[in-house]
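Inspection log for the structure reproduced underneath, given as structure tokens.
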Amino acid sequence: LIMGGQSGIRDNVNIGNNVTAVARAVITVNTQDKEVIGGMPGRPVSQWRQLQSLINRLAELFDRVRKLESRRDVE
11 LIMGGQSGIR
21 DNVNIGNNVT
31 AVARAVITVN
41 TQDKEVIGGM
51 PGRPVSQWRQ
61 LQSLINRLAE
71 LFDRVRKLES
81 RRDVE
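Under this note's numbering, residues 11 to 85 are what the sequence shown spells out, in order.
In structure tokens:
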């Protein structure tokens with residue numbers, strides 16, 4: 011097990027062999043061997059990165075929706 015800074019593990023969780031928790035990750039469920047966990051609650055790092063990418067785009071998407079709604083109201 012390799013744990014990045016400020017990462018943690020919930021009680022009563024089974025951790026597989028060679029698991030890595032990135033910084034600030036919280037492992038809340040059982041993990042498989044060789045998994046890399048990120049986020050809170052912890053997820054496989056590929057899924058965590060995808061979610062972070064979507065979260066970073068939320069402000070832009072809300073602006074686009076507002077513009078589309080204002081166009082619809084004008085017509």
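The beta carbon of each residue, even a glycine, is placed where N, CA and C say it ideally should be.
Keep in mind that this is a model prediction, so the values were computed, not measured.
Secondary structure at V75: helix, using DSSP grouped into helix, strand and coil. Excluding its 5 nearest sequence neighbours in each direction, D43 has C-beta neighbours in its own chain below 8 Å: G26, N27, N28 and V29, listed in chain order.
In the three-state scheme derived from DSSP, where H, G and I count as helix and E and B as strand, A69 is classed as helix. Assigned with DSSP and collapsed to three states, V36 falls in strand.
In the structure shown, R53 falls within a strand segment according to DSSP collapsed to helix, strand and coil.
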